[in-house]
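What follows is a short report on a single structure.
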Amino acid sequence: MTTSSPPIVFIIDDEEDMRLAMQRILKTVNLRAELFATAQDFLERHIPDVPSCLVLDVRLPGMSGLEVQQKLIEAEINIPIIFITAHGDIPMTVNGPIS
Amino acid sequence: MGELAAALAHEIKQPIAAAAANAGACLGFLEGERPDILEAREAASGTIGCARRAAEIIDHVRSLFKKGFPQREPVDVNELIREIALLLKNDIRRNSVTVRLELAENLPEIAGDRVQLEQVLMNLMLNAIESMHDARGDLTITSQSTDDGHLSISVSDTGVGIPADKIDHIFDTFFTTKPQGTGMGLAISRSIVESHGGRLWATSNSERGSTFQFTLPHKV
Numbered sequence: 316m317t318t319s320s321p322p323i324v325f326i327i328d329d330e331e332d333m334r335l336a337m338q339r340i341l342k343t344v345n346l347r348a349e350l351f352a353t354a355q356d357f358l359e360r361h362i363p364d365v366p367s368c369l370v371l372d373v374r375l376p377g378m379s380g381l382e383v384q385q386k387l388i389e390a391e392i393n394i395p396i397i398f399i400t401a402h403g404d405i406p407m408t409v410n411g412p413i414s
Numbered sequence: 031m032g033e034l035a036a037a038l039a040h041e042i043k044q045p046i047a048a049a050a051a052n053a054g055a056c057l058g059f060l061e062g063e064r065p066d067i068l069e070a071r072e073a074a075s076g077t078i079g080c081a082r083r084a085a086e087i088i089d090h091v092r093s094l095f096k097k098g099f100p101q102r103e104p105v106d107v108n109e110l111i112r113e114i115a116l117l118l119k120n121d122i123r124r125n126s127v128t129v130r131l132e133l134a135e136n137l138p139e140i141a142g143d144r145v146q147l148e149q150v151l152m153n154l155m156l157n158a159i160e161s162m163h164d165a166r167g168d169l170t171i172t173s174q175s176t177d178d179g180h181l182s183i184s185v186s187d188t189g190v191g192i193p194a195d196k197i198d199h200i201f202d203t204f205f206t207t208k209p210q211g212t213g214m215g216l217a218i219s220r221s222i223v224e225s226h227g228g229r230l231w232a233t234s235n236s237e238r239g240s241t242f243q244f245t246l247p248h249k250v
C-alpha cells in the first residue's frame, strides 16, 4: 500500500442529501470522498490500492450493509468499515464488529 | 395512527439530519486557518435545501390531516398507493424489502375518504413489511377494475404468513400475533373499507406469505 497516494473515503447511502452532506464534512478535514447510491455500484468499482475506508449505512435497499461486509470479506477486500445507522439493535452490534 | 406517525417521523428526520450535517460542514469550512467561503456557501445552500424539503413534508402531512370527519371526495387509488409506498420508504429499506407495484392504468376514481383509505393501505403495507422482517421479501401491490363496478386492491407479501387456526380471527378487535401489536390495525381497516361499501379479506399464499385484498365500489 502506497501511503503517498491521497486516501479515499467511500460512502454508500441511498439518500443523496446525506451523501453530499457527508462528503462536505469530510472535505472540511481535507478527505476525498467517493459516493455510491447502492452497494452494487460500490462492489462494481475497482478499489484502488490507497488508504481507504468505507462508510456504510446498515440498512440499504436491495443489499443490507452487513451483506456488503460479507461480500467484501468473501472477495478478500480488506477495507475498514464504519457502520452508520439510525436503527441499531443488539444482534447488529454483535455481528458487525465480530466479522 | 401511531404507525403513521412513526413513518412520518422517519421521513422528516432524514432531511433534518442532512441539514445538520451540512451546517456542520459549513462551520468547518469557516473555522479553518484559511476559511473557504465558497465551500461554506455551498454547504449553507445545502442546509437550506434540506430544511426546505423537511418543511415540504410537514406541509404535505398537514394537508392530509386537515379534515377531521369522513369525506367523500374523488380519490385516485393508484396515487394513494404510490404515496404510501413513498412514505414507507424507510421501513421498506430497513427490512430490505423489494416493492412491486402492478397498478392498472386508467383506474376509475372512487368516492371516499382519502385519509381513511391511506390508513388502510398503511396498515396493510406495514403488516406485510413486518411479516418479512429482515427476510428480503417481496411486497406486491396490485390494483384493478373488476367487471362488477369495483376496484380491487391487493397487498401481497412473502412473509411468515398467517397460521390456519388464526386466519378467522385476524380482523377481530384486539386480536394480534405481534408482540407489540394493538390488535386494532386490521379491525379498523376492515371497518373503513366496509364504510366505503367494500370488503376486506385475507388469504394465505400457496408458496409463502399472505395476501390482503379489498374492494371499493366506483364513483357512479
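Residue numbers (our numbering), protein chains in the order written: chain F, 316 to 414; chain G, 31 to 250.
No residue lacks a Cβ here, since even glycine has one placed at the ideal position from N, Cα and C.
Secondary structure note for L110/G: it is in no beta strand (DSSP E), and the uninterrupted alpha helix (DSSP H) holding it is V107 to L117. Buried is the label assigned to A55/G, since at least 16 other Cβ atoms lie within 10 Å of its Cβ. Between the alpha carbons of P138/G and N108/G lies a distance of about 10 Å. Looking from the CA of T245/G, the closest CA among S234/G, G239/G, S236/G and E224/G belongs to E224/G. By the rule that beta-carbons nearer than 7 Å mark a contact, T343/F touches chain G.
Think of a sphere of 7 Å around the beta carbon of P45/G: the chain F residues whose beta carbon falls inside it are D332, in chain order.
The CB of I340/F comes closer than 7 Å to the CB of A51, G54, A55 and G58 in chain G, given here in chain order. Residue nearest to G239/G within the set M162/G, L57/G and S184/G is M162/G (criterion: CA-CA distance). Taking all protein chains in view, the Cβ of Q174/G is surrounded by fewer than 16 other Cβ atoms within 10 Å, so the residue is classified as exposed.
For F244/G, the enclosing beta strand (DSSP E) covers residues S240 to P247. Neighbourhood of L350/F in chain G, by CB distance below 7 Å: empty, with the nearest CB roughly 13 Å away.
Taking 7 Å as the cut-off, the Cβ atoms of T176/G and S182/G count as close. Using a CB distance cut-off of 7 Å, R374/F counts as an interface residue toward chain G.
Measuring C-alpha to C-alpha distances from L154/G to each of S186/G, D89/G, A73/G and R64/G identifies S186/G as the nearest.
DSSP places L375/F in the coil class of the three-state scheme, outside both helix and strand. A check of alpha carbon separations from S234/G across R71/G, I197/G and L118/G identifies I197/G as the nearest. Within chain F, R339, K342 and T343 have C-beta atoms less than 9 Å from the C-beta of E69/G, given in sequence order.
With respect to F398/F, L369/F sits apart: the two C-beta atoms are not nearer than 7 Å.
When G227/G, A232/G and E160/G are compared, the shortest CA-CA separation from A194/G is found for A232/G. Within the DSSP secondary-structure output, S184/G pairs in a beta bridge with T172/G and Q243/G. Nearest in C-alpha terms to A115/G, of all of R92/G, E148/G and I87/G, is E148/G. S221/G and L151/G have their alpha carbons spaced roughly 13 Å apart. Assignment of beta-bridge partners to R347/F by DSSP yields I323/F.
Ranked by how close their Cα comes to the Cα of A390/F, the residues D328/F, L371/F, S379/F and H361/F have H361/F in first place. By the neighbour-count criterion, in which a residue is buried when 16 or more other Cβ atoms sit within 10 angstroms of its Cβ, A49/G is buried.
When DSSP states are grouped into helix, strand and coil, R130/G belongs to the strand group.
The three-state secondary structure of L230/G, taken from DSSP, is strand.
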